Every structure is written in C-alpha cells, then in structure tokens.
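Novice:
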Amino acid sequence: MSLVDEARAIRDRAYVPYSNFKVGAAIRAASGKVYVGVNVENVAYPEGTCAEAGAIAAMIAGGDTRIAEVAVIADSPEPVPCCGGCRQKLAEFADADVPVTLATMAGKTLQTTVGQILPGVFTVAHMQRD
15 MSLVDEARAI RDRAYVPYSN FKVGAAIRAA SGKVYVGVNV ENVAYPEGTC
65 AEAGAIAAMI AGGDTRIAEV AVIADSPEPV PCCGGCRQKL AEFADADVPV
115 TLATMAGKTL QTTVGQILPG VFTVAHMQRD
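Quick note on my numbering: the sequence shown kicks off at 15 and runs consecutively.
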C-alpha cells in the first residue's frame, strides 16, 4: 500500500464534529515502519490536534525518531498544505529533502519536500550563543 493509500485509509477515523473536514496523514519512518494520524477537533478549536502531529506522536511512541517520507490527504479541491505548526514539527524529525506528498480524495497530488514547505526553518542552531 502506498503512503497516500495509508493516509486515505485512516482519514475516515478523524474526529471532526465541528468542521467535518477530515485529514489523514501517514509517515514512513527511517526504519521503514508506517505511522498514521488523523485530525482530532475539540470544541475549544485551538486545542485540536492535526493529523500530521498525531502521526508524529505515533512514530515517537513506536520508538522511531526520523521521518523518511510524509503523505497528507484531505477532501478538498486542491492538495491541502500542512499548517505552520505541523511544518515545524515535521522539520524536527526530517531532513529538508524528505519527500512530502499532499493529496486530495479525488486523486490530485502535489509533490514537495520538508525544506520546500518550510523555508527558513527554526533549528537548535538559532539558540546557540557565541
């Protein structure tokens, strides 16, 4: 099963009673294991969890710490980009050249990389003092 198919398969489990906008994400770790996540809304909107963050949490809980590939899918006319917070979260565990596939339920895809979706990433090097 492709990574987009993995994201598609989990997407229906999203908990979205307010927006009805289901998102599924799948991450292939450097180990080859696949971890999935869905968005989980909360009546206090800012307290929800994005699908990408859920997949990252599953990856860490599974004992992996490096991302090799990412896929995100939603039912929208165009592929939906990751939010800014998820871009930074992905960059924490992925090199800039890690492939990211953004997809729609209708089959449109956008191929990009972690570095392309988050130019100017904040890193630990920014916290170094001379």
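Where a beta carbon is used, it is the ideal one built from N, C-alpha and C, also for glycine. In this text, all values refer to a predicted model and were calculated from it rather than measured experimentally.
Let me know if Phe136 comes out buried or exposed under the rule of 16 or more other beta-carbons within 10 Å of its beta-carbon.
Specialist: exposed
Novice: DSSP three-state call for Gly38: helix, strand or coil?
Specialist: strand
Novice: Can you give the beta carbon distance from Val50 to Ala28, rounded, assuming they're within the 8 Å contact cut?
Specialist: Actually they do not touch by this definition, with Cβ atoms about 11 Å apart.
Novice: Please report the distance separating the alpha-carbon of Pro95 from that of Ile81.
Specialist: 18 Å
Novice: Could you give the uninterrupted runs of the beta strand (DSSP E) lying entirely in the segment 59–141, keeping only those of 3 residues or more?
Specialist: 81–88, 113–118 and 123–127
Novice: Check whether the Cβ atoms of Gly38 and Ala71 sit closer than 8 Å, and answer yes or no.
Specialist: no
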